[in-house]
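Q: Before I ask anything, let me first share the structure, which is written out below as structure tokens.
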Amino acid sequence: MSAKARYRTAPEPMRGMPPGIPYIVANEGAERYSFYGMRAILVIFMTKFLMNAQGELDVMTDEQAKTWFHGFVTAVYFFPILGAIISDAFLGKYRTIMTLSIVYCLGHLTLAIDDTRAGLALGLGLIAVGSGGIKPCVSAHVGDQFGRTNSHLLPKVFGWFYFSINVGALASILFAEPLLHRFGASVAFGVPGVLMAIATFAFWMGRNTFVHVPPGGVAFLRELFSREGLKALAKLFIIYAFIAMFWALFDQQGSAWVLQAARMDRRFGIEWDPSQAQWLNPALVLLFIPLFNRVVYPVFDRFWPLTPLRKISMGLFLTVFAFVLPAWVEARLDAGESVNISWQLGGYILITAAEILVSITALEFSYTQAPKKMKSLVMGAFLMSVSIGNLFTAGVNYFIQNPDGTSKLEGPSYYLFFAGAMAVTAILFVPVAVWYKEQAYIQDEAPSESPQ
Numbered sequence: 001m002s003a004k005a006r007y008r009t010a011p012e013p014m015r016g017m018p019p020g021i022p023y024i025v026a027n028e029g030a031e032r033y034s035f036y037g038m039r040a041i042l043v044i045f046m047t048k049f050l051m052n053a054q055g056e057l058d059v060m061t062d063e064q065a066k067t068w069f070h071g072f073v074t075a076v077y078f079f080p081i082l083g084a085i086i087s088d089a090f091l092g093k094y095r096t097i098m099t100l101s102i103v104y105c106l107g108h109l110t111l112a113i114d115d116t117r118a119g120l121a122l123g124l125g126l127i128a129v130g131s132g133g134i135k136p137c138v139s140a141h142v143g144d145q146f147g148r149t150n151s152h153l154l155p156k157v158f159g160w161f162y163f164s165i166n167v168g169a170l171a172s173i174l175f176a177e178p179l180l181h182r183f184g185a186s187v188a189f190g191v192p193g194v195l196m197a198i199a200t201f202a203f204w205m206g207r208n209t210f211v212h213v214p215p216g217g218v219a220f221l222r223e224l225f226s227r228e229g230l231k232a233l234a235k236l237f238i239i240y241a242f243i244a245m246f247w248a249l250f251d252q253q254g255s256a257w258v259l260q261a262a263r264m265d266r267r268f269g270i271e272w273d274p275s276q277a278q279w280l281n282p283a284l285v286l287l288f289i290p291l292f293n294r295v296v297y298p299v300f301d302r303f304w305p306l307t308p309l310r311k312i313s314m315g316l317f318l319t320v321f322a323f324v325l326p327a328w329v330e331a332r333l334d335a336g337e338s339v340n341i342s343w344q345l346g347g348y349i350l351i352t353a354a355e356i357l358v359s360i361t362a363l364e365f366s367y368t369q370a371p372k373k374m375k376s377l378v379m380g381a382f383l384m385s386v387s388i389g390n391l392f393t394a395g396v397n398y399f400i401q402n403p404d405g406t407s408k409l410e411g412p413s414y415y416l417f418f419a420g421a422m423a424v425t426a427i428l429f430v431p432v433a434v435w436y437k438e439q440a441y442i443q444d445e446a447p448s449e450s451p452q
């Protein structure tokens with residue numbers, strides 16, 4: 001039986017939430033547990049647990065680990081372009097997600113059974129292809145479930161989507177490092193693999209409730225290279241170039257901030273592992289999403305209407321201060337003072353508020369501003385900004401290494417360098433936000449075929 005006969009290919013007119021949304025949200029929560037559960041312990045694993053083929057410790061320096069970490073994140077957010085092209089032109093979103101989810105599971109399996117550098121490289125490579133490839137398809141698949149009648153619910157559903165991401169991230173960060181210390185790398189990397197298998201099953205369960213927008217084929221290429229398609233991409237790429245610097249700072253929660261936490265007094269109620277401070281970000285996201293939607297945005301809208309680009313601009317400026325605070329902490333640590341890990345809370349509050357303003361806004365903005373047959377491709381381009389940002393961070397960490405193992409950007413100067421780069425980016429973004437003219441593209445509604 002053909003996919004066309006079995007599945008609906010256009011959203012039905014309805015005022016409420018589409019029936020496939022719970023399956024997508026469940027899939028995203030479990031998938032994010034698998035990704036962040038692995039990512040949370042990656043730097044600790046590379047600096048304390050990595051082995052060679054003879055079963056001896058073969059750990060990395062801090063700078064090497066940060067270079068590998070941000071190189072991996074760069075790859076994860078490079079492959080969305082590949083997944084988007086496969087999805088929009090050839091397989092469609094559902095089949096692309098299912099196929100690459102299997103590759104994703106194999107990556108987790110590799111990390112669980114091989115704790116050498118070769119196993120690390122292969123496992124991270126498979127995860128980068130799988131995780132990166134499905135990213136633009138899942139978020140675009142969310143938007144495809146909506147037509148014009150219920151398109152007003154898109155901001156709410158993307159908020160729920162982001163909420164599920166952080167539920168999974170919060171749970172994984174709290175348990176990942178204790179699993180690593182108590183049971184070793186096999187269990188610590190194996191549990192995320194099990195969650196990815198559950199995520200894949202949850203998505204498969206929803207197949208008959210989804211709207212399956214067919215791949216565009218030649219029509220995709222025609223729209224891509226049309227004047228309107230190229231114009232839309234060019235405008236969005238300018239926005240993404242600025243957002244890339246946000247990601248260069250944001251993703252250092254998993255590298256530089258973890259290494260800083262390892263030098264701090266981690267007694268706060270209990271003794272926290274260095275990577276566990278990262279739980280603050282998803283926990284604060286869960287708090288901030290309703291707070292911003294119900295309080296912050298309505299208050300601002302009374303005096304100064306918050307367009308998507310104004311929100312992003314505010315987030316970029318907040319990110320500057322999110323890196324000034326850890327620079328101050330680093331200065332105190334270098335002076336020999338004992339600094340409690342609670343001081344990282346301020347940085348997490350600022351970077352999370354910036355994330356709400358930049359990331360969630362850009363996610364919805366990317367979908368609505370993308371031409372109809374280019375939804376996954378534009379989502380992939382947005383995610384490419386994460387790759388570019390992390391490539392910048394990896395490059396900085398590579399070039400600041402001295403032959404004797406020291407760094408050209410020691411202590412607070414490291415954080416102040418990134419804060420300065422972010423400040424310049426935020427200032428330059430202001431005229432771009434004023435210049436940009438928005439144009440929304442929402443999927444057309446049509447009577448759908450009943451599943452058979």
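Yeah, the sequence shown ends on 452 if you go by the working numbering, and it's all consecutive. Every residue gets a Cβ at the ideal spot worked out from N, C-alpha and C, and that includes glycine.
1) Less than 7 angstroms between the C-beta atoms of residue 166 and residue 358, yes or no?
2) Report the rounded CA-to-CA distance for residue 373 versus residue 132, giving the unit in angstroms.
3) By the three-class DSSP mapping on this structure, what secondary structure does residue 268 have?
4) Taking residue 156 as the reference, give the member of 293, 34 and 120 with the closest Cα.
5) Three-state secondary structure (DSSP) at residue 8?
6) Using only alpha-carbon positions, find the residue among 134, 371 and 111 that is nearest to residue 226.
7) If distances are taken between C-alpha atoms only, which option among 168, 63 and 51 comes closest to residue 120?
8) Thinking just about the alpha-carbon of each residue, which of 74, 138 and 360 is nearest to the one in residue 289?
9) Please name the residue or residues paired with residue 340 in a DSSP beta bridge.
10) Let's see if you can read the secondary structure: which residues bound the alpha helix (DSSP H) around residue 374?
11) Pull the bridge partners of residue 57 from the DSSP assignment, please.
12) Whole angstroms is fine: what's the gap from residue 451's alpha carbon to residue 145's?
13) Classify residue 5: buried if its beta carbon has 16 or more other beta carbons within 10 angstroms, exposed otherwise.
14) Could you tell me whether the region 107-118 touches the region 251-263, where touching means 3 or more Cβ pairs closer than 8 angstroms?
15) Going by alpha carbons, who is nearest to residue 59 out of 331, 44 and 307?
16) By Cβ distance below 6 angstroms, which residues in the same chain neighbour residue 321 in space, the five residues on each side in sequence not counted?
17) Per DSSP, what kind of secondary structure is residue 176 in: helix, strand or coil?
18) Does the region 415-425 come into contact with the region 244-251, if we say contact requires no fewer than three beta-carbon pairs (one atom in each stretch) closer than 8 angstroms?
19) Residue range of the alpha helix (DSSP H) that residue 36 falls in?
20) May I ask you to list the residues that DSSP assigns as paired with residue 407?
21) Looking at the structure shown, is residue 307 part of a helix, part of a strand, or coil, going by DSSP?
22) Mapping the DSSP letters down to three states, classify residue 211 as helix, strand or coil.
23) Which same chain residues, not among the five before or five after residue 263, have their C-beta less than 7 angstroms away from its C-beta?
24) Determine the DSSP secondary structure at residue 116, reduced to helix, strand or coil.
25) Return the Cβ separation of residue 108 and residue 193 in integer angstroms, given the expectation that the two are a contact with Cβ distance under 8 angstroms.
26) Is the separation between the beta-carbon of residue 33 and that of residue 139 shorter than 7 angstroms?
27) Please report the residue range of the alpha helix (DSSP H) in which residue 420 lies.
28) According to DSSP, is residue 438 part of a helix, a strand, or is it coil?
29) Helix, strand or coil: which one does DSSP assign to residue 84?
30) Using the three-state DSSP reduction, which class does residue 15 fall into: helix, strand or coil?
31) Indicate whether the contact test is met: 3 or more Cβ pairs, each with one atom in the region 221-237 and one in the region 378-389, closer than 8 angstroms.
32) Where does residue 273 fall in DSSP's three states?
33) Smallest Cα separation from residue 63: which of 13, 409, 88 and 40?
34) Return the chain-ordered list of same chain residues with a C-beta closer than 6 angstroms to the C-beta of residue 135, the five sequence neighbours on each side being excluded.
35) For residue 18, is the classification buried or exposed, using 16 other Cβ atoms within 10 angstroms of its Cβ as the cut-off for buried?
36) When you compare only the Cα positions, how much space is there between residue 437 and residue 229?
A: The relevant details are as follows:
1) Taking the sequence shown and counting its residues from 1, one reaches residue 166 at position 166. Taking the sequence shown and counting its residues from 1, one reaches residue 358 at position 358. Going by C-beta atoms, residue 166 is not nearer than 7 angstroms to residue 358.
2) Residue 373 sits at position 373 when you count from the first residue of the sequence shown. Residue 132 sits at position 132 when you count from the first residue of the sequence shown. Taking the straight line joining both Cα atoms gives about 20 angstroms.
3) The residue labelled residue 268 in the question sits at position 268 within the sequence shown. In the structure shown, residue 268 sits in a strand (DSSP, three-state: E or B).
4) The residue you call residue 156 lines up with position 156 of the sequence shown. Per the Cα distances, 293.
5) Numbered from 1 along the sequence shown, position 8 holds the residue referred to as residue 8. Reduced to three states, the DSSP call for residue 8 is strand.
6) Within the sequence shown, the letter at position 226 stands for residue 226. Of 134, 371 and 111, the residue nearest in Cα terms is 371.
7) Counting from one through the sequence shown, the residue named residue 120 turns up at place 120. Of 168, 63 and 51, the residue nearest in Cα terms is 51.
8) As a working mapping, residue 289 is identified with position 289 in the sequence shown. Among 74, 138 and 360, the Cα nearest to that of residue 289 belongs to 360.
9) Counting from one through the sequence shown, the residue named residue 340 turns up at place 340. Answer by DSSP bridge pairing, in chain order: 265.
10) Within the sequence shown, residue 374 is the residue found at index 374, counting from 1. Segment: none, residue 374 is in no alpha helix (DSSP H) and carries neither H nor E.
11) Locating residue 57 in the sequence shown gives position 57, counting from the first residue. Answer by DSSP bridge pairing, in chain order: 51.
12) Within the sequence shown, residue 451 is the residue found at index 451, counting from 1. Within the sequence shown, residue 145 is the residue found at index 145, counting from 1. In this prediction, residue 451 has a pLDDT of 38, which is less than 50 and means its spatial position is unreliable; what the coordinates show is noted afterwards. Taken atom to atom, the span from the alpha-carbon of residue 451 to that of residue 145 is near 15 angstroms.
13) The count along the sequence shown starts at 1 and reaches residue 5 at position 5. Confidence at residue 5 is low in this model, with a pLDDT of 46, below 50, so the placement of that residue is unreliable and no value is reported for it.
14) At 8 angstroms Cβ cutoff, the stretches do not touch.
15) What you label residue 59 is simply residue 59 of the sequence shown in a count that begins at 1. Cα-wise, what sits closest to residue 59 is 44.
16) As a first step, residue 321 is located in the sequence shown; it is residue number 321 there, counting from the start. If we look at residue 321 and ignore the five residues flanking it on each side, its Cβ neighbours are 350.
17) Taking the first residue of the sequence shown as 1, we reach residue 176 at position 176. Helix at residue 176.
18) yes
19) The count along the sequence shown starts at 1 and reaches residue 36 at position 36. Start and end: 21-40.
20) Working through the sequence shown from its first residue, we reach residue 407 at position 407. DSSP, once it has assigned bridges, lists 401 as partnering residue 407.
21) The residue given as residue 307 occupies position 307 in the sequence shown. The answer is coil: DSSP assigns residue 307 none of H, G, I, E or B.
22) Position 211 of the sequence shown holds residue 211. Strand at residue 211.
23) By 1-based counting over the sequence shown, the position of residue 263 is 263. Only 333 meet the Cβ criterion.
24) Within the sequence shown, numbered from 1, the residue matching residue 116 stands at position 116. DSSP places residue 116 in strand when its eight states are reduced to three.
25) Taking the first residue of the sequence shown as position 1, residue 108 is located at position 108. Taking the first residue of the sequence shown as position 1, residue 193 is located at position 193. So it is a contact: roughly 3 angstroms between Cβ atoms.
26) Here residue 33 corresponds to residue number 33 of the sequence shown, with the count starting at 1. Here residue 139 corresponds to residue number 139 of the sequence shown, with the count starting at 1. Contact flag unset, no.
27) As a first step, residue 420 must be located in the sequence shown, where it is residue number 420. Note, residue 420: alpha helix (DSSP H), 412-435.
28) Start at 1 with the first residue of the sequence shown, and residue 438 comes out as number 438. If DSSP states are grouped into helix, strand and coil, residue 438 belongs with coil.
29) Numbered from 1 along the sequence shown, position 84 holds the residue referred to as residue 84. Residue 84: helix per DSSP, three-state reduction.
30) Here residue 15 corresponds to residue number 15 of the sequence shown, with the count starting at 1. Coil, per DSSP.
31) yes
32) The count along the sequence shown starts at 1 and reaches residue 273 at position 273. Residue 273: coil per DSSP, three-state reduction.
33) Walking along the sequence shown from the start, residue 63 turns up at place 63. Nearest of 13, 409, 88 and 40 to residue 63, Cα basis: 409.
34) As a position in the sequence shown, residue 135 is number 135, starting the count at 1. If we look at residue 135 and ignore the five residues flanking it on each side, its Cβ neighbours are 80 and 383.
35) The sequence position of residue 18 within the sequence shown is 18, counting from 1. By the 10 Å Cβ count, residue 18 comes out buried.
36) Locating residue 437 in the sequence shown gives position 437, where the first residue counts as 1. Locating residue 229 in the sequence shown gives position 229, where the first residue counts as 1. Distance between the alpha carbons of residue 437 and residue 229: 15 angstroms.
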